[in-house]
Every structure is written in structure tokens, then in C-alpha cells.
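In what follows, a structure is listed as C-alpha cells, so that the remarks can point back to it.
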Amino acid sequence: MHSCKKAILLFTSTWLPVSKHMTSSPPAKKACIEMKIGTHNGSFHCDEVLACFLLKQLPTYKDAEIIRTRDQKVLDTCDIVVDVGGIFDPSKNRYDHHQKTFTETMKSLLPTKKWTTKLSSAGLVYCHFGKDIVASILDKGLTDQITETIFDKVYEHFVEEIDAIDNGVNQFDGEPRYQITTTLSNRVRNCNPNWNEENADEMVCFLKAMRVVGDEFMDRVLYYKKAWLPARQLVVDAIEKRKETDPSGEIMVLSSGGCPWRDHLFDIEQEQNISPSIKYVIYSDNNGNWRVQCVPVRIGSFENRLSLLSEWQGVRDDALSKLSGIPGCIFVHASGFIGGNKTYEGAMEMARKTMKDRDSKAS
0 MHSCKKAILL
10 FTSTWLPVSK
20 HMTSSPPAKK
30 ACIEMKIGTH
40 NGSFHCDEVL
50 ACFLLKQLPT
60 YKDAEIIRTR
70 DQKVLDTCDI
80 VVDVGGIFDP
90 SKNRYDHHQK
100 TFTETMKSLL
110 PTKKWTTKLS
120 SAGLVYCHFG
130 KDIVASILDK
140 GLTDQITETI
150 FDKVYEHFVE
160 EIDAIDNGVN
170 QFDGEPRYQI
180 TTTLSNRVRN
190 CNPNWNEENA
200 DEMVCFLKAM
210 RVVGDEFMDR
220 VLYYKKAWLP
230 ARQLVVDAIE
240 KRKETDPSGE
250 IMVLSSGGCP
260 WRDHLFDIEQ
270 EQNISPSIKY
280 VIYSDNNGNW
290 RVQCVPVRIG
300 SFENRLSLLS
310 EWQGVRDDAL
320 SKLSGIPGCI
330 FVHASGFIGG
340 NKTYEGAMEM
350 ARKTMKDRDS
360 KAS
């Protein structure tokens with residue numbers, strides 16, 4: 000089967016291309032004959048796999064053939080080239096990042112953005128075409144604030160990681176305590192043929208990697224649309240009522256348990272310059288019990304702004320109720336980041352007693 004037709008068969012059944020927010024797509028037959036996406040052959044990485052997937056979501060390239068080569072004469076015949084060729088020039092549809100002179104970041108190309116991680120081919124394609132793709136998935140306009148917000152979230156929580164890994168940017172200084180081997184970049188790397196595998200079809204492996212990356216990208220955008228975004232108003236309401244909940248203003252209560260609140264809480268605190276910061280989030284669980292969860296010091300951190308009392312940690316049920324003097328206790332996690340109580344009043348008291356202990360030690 001011709002590689003272009005093979006690519007069409009693999010992709011059109013799984014992903015929907017962008018539509019009304021872009022220029023019209025050329026007729027399929029013409030696109031198949033004329034449009035070519037160029038990238039390098041040999042071992043592939045997550046950045047060019049994602050770059051190719053993103054381009055295939057655009058009407059212009061949805062039926063394009065992917066050409067994997069390092070032959071410059073062949074690359075010169077391609078309509079767009081990513082991750083190879085030694086040129087970054089959007090006017091010529093060239094998106095490589097390996098040349099010594101390349102230092103571009105999201106902030107350098109889009110000055111209103113904050114991210115300063117050096118871009119890979121994935122970040123370059125996302126920077127230039129991502130908003131069109133996100134707008135279509137969301138069925139929103141290019142200038143809609145929701146499009147802008149989710150474009151940013153997908154970069155910060157999906158694409159930037161790929162940029163950093165491909166460019167060898169360490170997440171932190173010093174020796175890591177453990178290795179993380181299940182990232183998207185690692186899963187793409189594992190799609191490559193084994194070093195001792197004879198007669199492996201690299202293109203088949205590359206297309207498999209595109210399916211892995213594409214499914215995760217689509218899932219991420221749709222998660223932000225369907226689950227993350229609707230949670231914002233719940234968090235806004237809880238923050239507005241926090242001093243009715245407790246005069247300290249350090250406890251908020253969510254009207255619906257299980258919603259993704261962390262990103263929204265940090266964003267709203269910063270936007271509204273909230274002080275003192277919120278220490279606890281209280282919500283009901285699926286069993287009708289109540290949880291008191293500590294707010295972390297930052298997104299992704301295992302350190303809390305104020306952990307539940309150390310003497311409660313790892314203690315359960317009646318033993319915890321007796322120790323704390325609070326009826327209905329269910330548990331406090333061994334790390335102190337969350338606790339449970341049978342009643343709303345009990346969960347509130349667990350938070351209040353912890354803050355009272357902090358205040359007494361500070362005075």
C-alpha cells in the first residue's frame with residue numbers, strides 16, 4: 000500500500016482534523032499527491048512525532064505523506080519540515096531546533112506568554128499552529144478566551160515537558176531520588192525498533208508512536224474542555240465564600256467533591272492577591288463522608304502549606320477520634336496531606352484544630 004494511503008487509513012478513523020477555524024482543505028487526491036511533511040529517519044523522538052500528529056490535524060496537511068529522511072534534496076521537496084534540516088523559518092515552513100543559533104522559547108515567539116523552556120519541534124509547531132487545532136477541538140473561535148486558556152494549559156502541562164526532555168533541560172538540580180520511565184517521551188522511545196531487530200519497518204513504528212501521542216494529546220485537550228474548565232466556577236464560588244466558611248479565610252468548601260481544584264485555586268489566588276493563602280479544601284466523597292485536604296505549596300509538590308497534625312498521621316477510626324477529641328474521625332493519611340470524617344462539622348474541626356495548634360506555636 001502506498002505510504003500516503005496507508006497514513007490516511009491509520010489516521011482518519013481515529014482523529015478528527017480541524018475544520019471551520021482554518022482555511023479549507025485541498026481536495027484529498029490533490030493533498031495526497033502534493034503535500035509532504037518532512038522529518039528525519041532513524042530513531043524517532045516524542046517531539047517530531049507530536050509535531051507530525053499536530054500537522055495532520057490541519058486541513059492543509061491532513062492527507063499529507065510523511066517523508067522520513069535526512070537527504071536534504073528530498074527534504075527540499077517537502078511542503079513543511081520538522082526536526083531536521085537545520086533551519087527555523089516559519090515563512091518557509093521549516094521548523095528545526097538543532098542549530099547552534101536556535102534559542103527560541105514560547106516567550107520569545109509569543110511575548111505575552113511566560114514559558115522560557117527552549118522549544119523542540121513539538122513546541123514550534125504548537126506555537127504556530129496549536130491555537131487553530133485547540134479552537135477546532137473546543138468548537139470555539141481563535142480569539143475566544145477559553146481557546147486561549149486551554150492553549151496555555153496544554154502547553155504548560157503537556158507540550159513543555161516534551162520540549163524540555165528533547166532539549167535535555169533538567170527538571171531540577173541535583174540527583175533525582177528515583178527515575179520516572181513512563182513519561183510520554185519514554186513511551187514514544189519504546190516504539191522504536193529494538194537495536195537488534197532486523198528488517199523492522201520504521202514507518203510502521205513511527206505511525207504507532209503517532210497514535211500513542213495523538214490519543215494522549217486529544218485526551219488532554221478534551222479533559223480541559225469537559226472537566227477542568229467547568230470546575231473553575233465551583234472554585235471561584237468556594238473562594239468567595241471562604242470567610243463565611245471560617246473567619247480565618249484559610250478553609251474553603253467545594254459544593255461538588257472530586258472536581259479538579261488545584262490549578263484554579265492557585266490561579267485565582269494570584270489573580271486576586273489572596274492573603275492569607277488557603278490551607279484546606281473540604282468536600283464530600285462518594286460515600287457521603289467528608290474529606291479535608293491540604294493545599295500543596297505549589298502544583299505537583301508533595302509538601303503542604305499546613306499538614307494535618309503530625310500526631311494524627313497514620314491513625315484511624317475510634318483511635319483517631321479519641322486522640323483528636325473530634326467525633327466521627329475516619330483517618331489521617333500517614334503523610335498528613337488528607338483526612339476524613341463522617342460529618343462536615345468533624346472535617347472542619349480537624350482543619351481548625353490544626354490551625355489553632357500552628358497559631359499557638361507561633362505566639
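Each residue of the sequence shown is one higher than the one before, starting from 0 at the first, in numbering that gives the first Met the number 0.
All residues carry an ideal CB built from backbone N, CA and C; glycine is no exception.
Between the CA atoms of residue j and residue i - distance to the nearest angstrom
i	j	result
lysine 29	aspartate 62	Confidence at lysine 29 is low in this model, with a pLDDT of 44, below 50, so the placement of that residue should be treated as unreliable; the coordinate-derived value is given next. Looking at the two C-alpha atoms, the distance is approximately 9 angstroms.
glycine 256	aspartate 70	56 angstroms
alanine 27	leucine 57	Residue confidence for alanine 27 is low, a pLDDT of 41 falling below 50, so the modelled location carries little weight; the figure read from the coordinates is stated next. Whole-angstrom Cα-Cα distance: 13 angstroms.
alanine 350	leucine 307	7 angstroms
phenylalanine 128	threonine 68	23 angstroms
methionine 202	asparagine 40	9 angstroms
aspartate 46	asparagine 193	20 angstroms
serine 24	phenylalanine 52	Low confidence applies to serine 24: its pLDDT is 39, below 50, so where it sits in the model is not reliable, and the reading given next is rough at best. In a straight line, the C-alpha of serine 24 is about 16 angstroms away from that of phenylalanine 52.
proline 246	alanine 346	16 angstroms
lysine 113	valine 81	24 angstroms
tyrosine 279	asparagine 340	14 angstroms
leucine 9	glycine 335	Reliability fails at leucine 9, whose pLDDT of 38 lies under 50, so the model's placement of it is uncertain and no value is given.
isoleucine 145	lysine 139	8 angstroms
tyrosine 177	phenylalanine 171	13 angstroms
glutamate 302	alanine 333	13 angstroms
serine 283	threonine 104	42 angstroms
cysteine 31	threonine 76	At cysteine 31, the pLDDT of 42 sits below 50, so the modelled position is not reliable and the matter cannot be decided from this model.
isoleucine 273	valine 234	14 angstroms
tyrosine 125	serine 359	51 angstroms
tryptophan 311	leucine 141	51 angstroms
aspartate 143	aspartate 151	13 angstroms
methionine 21	aspartate 131	Because methionine 21 carries a pLDDT of 37, less than 50, the predicted location of this residue cannot be relied on, and no value is offered for it.
glycine 327	glycine 173	44 angstroms
Element boundaries [alpha helix (DSSP H), containing residue i]
i	result
cysteine 204	201–222
serine 274	No alpha helix (DSSP H) holds serine 274; DSSP gives it neither H nor E.
asparagine 185	183–188
methionine 354	343–361
serine 320	316–323
arginine 241	241–244
isoleucine 164	159–165
isoleucine 145	144–153
Minimum C-alpha distance to residue i - residue among the options
i	options	result
valine 294	Glu33, Tyr125, Gly338	Gly338
glutamate 64	Gln144, Glu33, Lys242, Lys352	Glu33
glycine 167	His127, Lys72, Leu118, Tyr177	Leu118
leucine 221	Phe157, Leu183, His263	Phe157
aspartate 317	Phe101, Val331, Leu123	Val331
serine 309	Arg231, Ile325, Arg357	Arg357
lysine 55	Val212, Leu319, Thr146	Val212
threonine 100	Leu108, Ile250, Arg186, Phe87	Phe87
glutamate 249	Ser276, Phe265, Leu233	Ser276
phenylalanine 216	Ile179, Tyr282, Ile281, Val133	Val133
glycine 287	Val234, Ser254, Glu159	Ser254
lysine 219	Asn285, Leu183, Ile281, Thr116	The displayed chain sequence assigns arginine, not lysine, to residue 219. Measuring from the Cα of arginine 219, the nearest candidate turns out to be Leu183.
glutamate 196	Pro229, Ser42, Arg297, Ile36	Ser42
glycine 313	Asp200, Gly324, Ile329	Ile329
alanine 121	Ile161, Ser90, Val187	Ile161
alanine 230	Leu264, Glu155, Glu243	Leu264
aspartate 95	Asp151, Val48, Arg261, Thr38	Thr38
lysine 35	Asn189, His44, Arg93	Arg93
Contact test: residue i Cβ vs the ligand HEM heavy atom, cutoff 8 angstroms
i	result
glutamine 144	With respect to the ligand HEM, the structure shown offers nothing to examine, as it has no ligands at all.
N-terminal and C-terminal residue of the beta strand (DSSP E) that residue i is part of
i	result
phenylalanine 52	Looking at the DSSP string, phenylalanine 52 is not in any beta strand (DSSP E); the run it does join, the alpha helix (DSSP H), is 45–55.
glutamate 197	Per DSSP, glutamate 197 belongs to no beta strand (DSSP E) and is neither H nor E.
threonine 38	35–38
isoleucine 65	64–67
valine 252	250–252
valine 331	328–331
asparagine 340	337–340
Check whether residue i and residue j have beta carbons under 9 angstroms apart
i	j	result
proline 259	tryptophan 227	yes
lysine 224	isoleucine 136	yes
glutamine 271	isoleucine 238	yes
cysteine 204	asparagine 185	no
glutamate 159	threonine 111	no
isoleucine 298	arginine 241	no
arginine 108	alanine 50	In the sequence on display, residue 108 carries leucine and not arginine. Not in contact: leucine 108 and alanine 50 (Cβ atoms no closer than 9 angstroms).
leucine 305	methionine 354	yes
valine 48	valine 187	yes
histidine 44	aspartate 214	no
Requested in this report: Kindly provide the ranges of any beta strand (DSSP E) runs that are 3 or more residues long and lie completely inside the segment 70–137, ordered along the chain.
Outcome: Here the runs fully enclosed are 79–81.
**Report entry** Minimum length 3: unbroken beta strand (DSSP E) runs contained in the segment 276–307
**Finding:** As far as the segment 276–307 is concerned, its whole beta strand (DSSP E) runs of at least 3 residues are 279–283, 289–293.
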